[in-house]
Amino acid sequence: MTSAQLSRRELANAVRALSMDAVQAANSGHPGAPMGMADIMEVLWRDHLRHNPSNPQWPNRDRFVLSNGHGSMLLYSLLHLAGYALPLDELKRFRQLHSKTAGHPEYGHTPGVETTTGPLGQGLANAVGMAIAERSLAAQFNREGFPIVDHHTYVAIGDGCLMEGISHEACSLAGTQRLGKLIVLYDDNQISIDGSVAGWFTDDTAARFRAYSWQVIDAVDGHDATAIAAALTAARTETTRPSLICARTIIGFGAPNKEGKASAHGAPLGAAEVIAARERLGWPYPAFEIPTAYYQAWDARARGSAAEAEWQALYLRYAQAHPALAAEFERRTQSRLPTNWESTTQSCLDEFQAVTTSNATRKSSQLALEKMGPVLPEFFGGSADLSESNLTHWKGCTTVTAAIPGGNYLNYGVREFAMTAIMNGLAVHGGFIPYGGTFLVFSDYARNAIRMAALMGIRTIYVLTHDSIGLGEDGPTHQPIEHAASLRAIPNCTVWRPGDAAETAAAWIAAVSHARGPTCLLLTRQGLPPQPRTASQLAEIKRGGYTLIEASGKLRAIVIATGSELQLAVATATDLNARGIGVRVVSMPAPTVFLRQDPAYQASVLPLAVRQRIAIEAGTTDYWYRFVGLDGLVIGLDSFGASAPAADLNQHFGFTKEQIIARVTTYLGQ
1422 MTSAQLSRRE LANAVRALSM DAVQAANSGH PGAPMGMADI MEVLWRDHLR HNPSNPQWPN
1482 RDRFVLSNGH GSMLLYSLLH LAGYALPLDE LKRFRQLHSK TAGHPEYGHT PGVETTTGPL
1542 GQGLANAVGM AIAERSLAAQ FNREGFPIVD HHTYVAIGDG CLMEGISHEA CSLAGTQRLG
1602 KLIVLYDDNQ ISIDGSVAGW FTDDTAARFR AYSWQVIDAV DGHDATAIAA ALTAARTETT
1662 RPSLICARTI IGFGAPNKEG KASAHGAPLG AAEVIAARER LGWPYPAFEI PTAYYQAWDA
1722 RARGSAAEAE WQALYLRYAQ AHPALAAEFE RRTQSRLPTN WESTTQSCLD EFQAVTTSNA
1782 TRKSSQLALE KMGPVLPEFF GGSADLSESN LTHWKGCTTV TAAIPGGNYL NYGVREFAMT
1842 AIMNGLAVHG GFIPYGGTFL VFSDYARNAI RMAALMGIRT IYVLTHDSIG LGEDGPTHQP
1902 IEHAASLRAI PNCTVWRPGD AAETAAAWIA AVSHARGPTC LLLTRQGLPP QPRTASQLAE
1962 IKRGGYTLIE ASGKLRAIVI ATGSELQLAV ATATDLNARG IGVRVVSMPA PTVFLRQDPA
2022 YQASVLPLAV RQRIAIEAGT TDYWYRFVGL DGLVIGLDSF GASAPAADLN QHFGFTKEQI
2082 IARVTTYLGQ
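So this is what it looks like as structure tokens:
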């Protein structure tokens, strides 16, 4: 049999066989969705998806996202068959330690995986970000006759993705933005873990998406290749609206005793059912055996290389006609900072250290954007309907709309979770450094997308303002208490809580320079006084913690502080040093960064011999005992706040200079 003699169903069955075999071998996984979506993916991947398995990073490739990431064997089977560097042995090691085929697709771990998915709905929101990135880059770089940025974003979703609230947030915004190159393939199999979704999911999905201003292609038979092809063609033809293809499928298609049932969703089919499925599908080959003809029919390397070569020829002509634009396009898509970045950052630091007036760090953040923004055209900002409070908007911002796609600032609306996940999509697409703002207390809404950014190790920046009880009258619903500690607890997530203008500038510089994970900037509403520093102290801010004030005479105690409480630590040390009690002040705006420094530096700032240590931060206290020890003093807040003017709250909760000095003096036995 030759590849040309194979039917579409037979080619789709190769995906089904690999998927059920890998899940069975692992004795773990989700065979149902891969078996149900195989026919859809055969049409998409063989006829429509423009990609090059030999170069997964080709900038103008179409993006494919498996939002229902539990069906990961669907994606791994497709990548393997298409010719990506994912050999059969890796499929045989599905869900095993150090394999390339993790339980859910992981960005940066498996060639061809565009984003990490699994938490349902987030892949869909990531795809919205990718579609925005494609359209914005096209508007910024394409010139007449040179469409160097011109690709689609495809995303597969399931019922669970649509039940998650993030799908409402992201798809509503996608419709408003009129993202015509976003195509969503809905695996409408009406089954989730608990069984038929009829008991808990009866939405009119088609009407819902039409209300979002999407094109909806409804009632598509997800097992009819002709119907699928027609739907994809219609979706690609529509250029002014995102498209939703509602494809009715049978979960576990081909498994005679389990198809259409929840038992096919999240567990191996079982040895007997796998044998029965092989017979039902007419698949006579042993486990993990794919005949050569199938590989030849699926192999996308020649087609992909030809598509990329055609694009490279176009790009070469573009570079000759527009050399400056081409150089900038390459810099941005390769995530290289501009050549004048270092000089800009030093100038920014010096300027902010020279500030003599008190500023809220949210205002200092905006001023830092004014300084850095002009040299970073890759900045893509936004806020969850709090631009005037987060101060994320700066003079060089142009708002992104359907009519103005080439802007650099997106009004996300009150959609914290979608904003953060869309930022992840912008980041993994390439060409942008996304930042977005909300109140720190609402980072709870966005937390899982922040976690996903940390897991992927991507550069996203969160401007989280109103960082303590110091915001005042809005009260405990808006006053973050546990949030700084909870964000610091996320592995690979860098958290900065700067104490004045210079530390805010340093935090922004560090966030932009750090390309291997997200950064949270925790910023105040209230003004903070500038602190004097030497040039060496200014340079040490980037290390996350440094000595700001040295003790007078013998060092007896160390006071550590962040953010708005830094001024209290300085006042305390000034008072005690004047009394002959040697106190050092350590400003630690980024404990997560300080803990990455070498042991010698850490010991120079926090010498082990000094056992009397105090930490001051208007938040939960547990985190700081790692720095002060169990016999240290942590002055914080382990209760919720209250509604009152900031000055009254500080007095009530013990965050005045006099109260802090009294507590520290008592702790030191003075």
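Under our numbering, the first residue of the sequence shown is numbered 1422, with each subsequent residue one higher.
Note that the Cβ used here is the ideal one computed from N, Cα and C, for glycine as well.
Given the structure is predicted, the values throughout are model-derived calculations rather than measurements.
- Selection Val-2026, Val-1980, Lys-2078 and Ile-2082 evaluated against Arg-2034 yields Val-1980 as nearest (Cα-Cα).
- Out of Thr-1760, His-1525, Ile-1604 and Ala-1447, the CA that lies nearest to the CA of His-1491 is found in His-1525.
- Boundaries of the beta strand (DSSP E) around Ser-2008: 2004-2008.
- The region 1669-1677 and the region 1444-1458 touch, with no fewer than 3 CB-CB distances between them shorter than 8 Å.
- According to the DSSP assignment, Ala-1982 belongs to no alpha helix (DSSP H) but to the beta strand (DSSP E) extending over 1978-1982.
- Taking 8 Å as the cut-off, the beta carbon of Ala-1668 is found closer than this to the beta carbon of Asp-1608.
- In the same chain as Ile-2082, and ignoring 5 residues on each side of it, the C-beta atoms closer than 6 Å to its own belong to Thr-1993 and Asp-1996, in chain order.
- Counting only the Cα atoms, Phe-2048 lies some 22 Å from Asn-1998.
- Counting only unbroken stretches of 4 or more residues, the alpha helix (DSSP H) elements lying wholly within the region 1479-1521 are 1493-1503 and 1509-1513, in sequence order.
- About 7 Å separates the beta carbons of Ala-1923 and Leu-1770, which is inside the 8 Å limit, making them a contact pair.
- Contact between Ala-1646 and Thr-1423 is absent: CB atoms are separated by about 19 Å, not below the 8 Å threshold.
- By the CB criterion at 8 Å, Ile-1902 and Thr-2041 fall inside the cutoff.
- Taking the Cβ atoms as the reference, Ala-2065 lies roughly 7 Å from Gly-1893, within the contact range of under 8 Å.
- DSSP places Ser-1804 within a strand segment (E or B) once states are collapsed to three.
- In the structure shown, Ser-1664 falls within a strand segment according to DSSP collapsed to helix, strand and coil.
- Gln-1598 is the residue among Ala-2067, Gln-1598 and Asp-1806 whose C-alpha sits nearest the C-alpha of Thr-1822.
- Unbroken alpha helix (DSSP H) runs of no fewer than 4 residues, entirely contained in the region 1685-1745, are found at 1692-1702, 1713-1719 and 1722-1742, following chain order.
- Less than 8 Å divides the Cβ of Gly-1550 from the Cβ of Met-1844.
- Secondary structure of Trp-1815 (DSSP, three-state): coil.
- Contact check for Leu-1603 and Thr-1574: beta-carbon distance about 5 Å, within the 8 Å limit, so the pair qualifies.
- Here DSSP, grouped into helix, strand and coil, assigns Trp-1929 to helix.
- Residue burial is scored here from C-beta neighbours: Ala-1978 has at least 16 other C-beta atoms within 10 angstroms and is therefore classed as buried.
- Partner residues in the beta bridge of Arg-1669, as assigned by DSSP, are Asp-1609 and Asp-1642.
- Beyond the five residues adjoining it in sequence on each side, Ala-1747 comes within less than 8 Å, by CB distance, of Tyr-1736, Tyr-1739 and Ala-1740 in the same chain, given in chain order.
- Within the region 1871-1958, the runs of beta strand (DSSP E) that reach at least 3 residues and sit entirely inside it are, in chain order, 1882-1886, 1915-1917 and 1940-1943.
- When Ala-1443, Gly-1457 and Ile-1461 are compared, the shortest CA-CA separation from Arg-1429 is found for Ile-1461.
- Boundaries of the beta strand (DSSP E) harbouring Phe-1860: 1854-1860, taken from the DSSP string.
- Within the region 2028-2078, the complete alpha helix (DSSP H) segments at least 4 residues long are 2046-2049 and 2067-2074, listed from N- to C-terminus.
- By the neighbour-count criterion, in which 16 or more other beta carbons inside 10 Å mark a residue as buried, Arg-1918 falls on the buried side.
- According to the DSSP assignment, Val-1576 belongs to the beta strand (DSSP E) that extends over 1574-1579.
- In terms of Cα proximity to Ala-2039, the closest of His-1887, Arg-1964 and Leu-1976 is His-1887.
- Straight across, the Cα-Cα distance linking Asn-1678 with His-1935 is about 52 Å.
- For the 8 Å CB-CB criterion, Ile-1666 and Val-1605 form a contact.
- Put simply, of Arg-1752, Ser-1808, Ala-1718 and Phe-1567 the residue whose alpha carbon is nearest the alpha carbon of Ala-1742 is Phe-1567.
- Cβ contact annotation for Asn-1434 (same chain, cutoff 8 Å, sequence separation greater than five): Ala-1459, Gly-1675, Leu-1702, Gly-1703 and Trp-1704, in chain order.
- When the Cα atoms are used, Ile-2002 and Gly-2053 turn out to be separated by approximately 17 Å.
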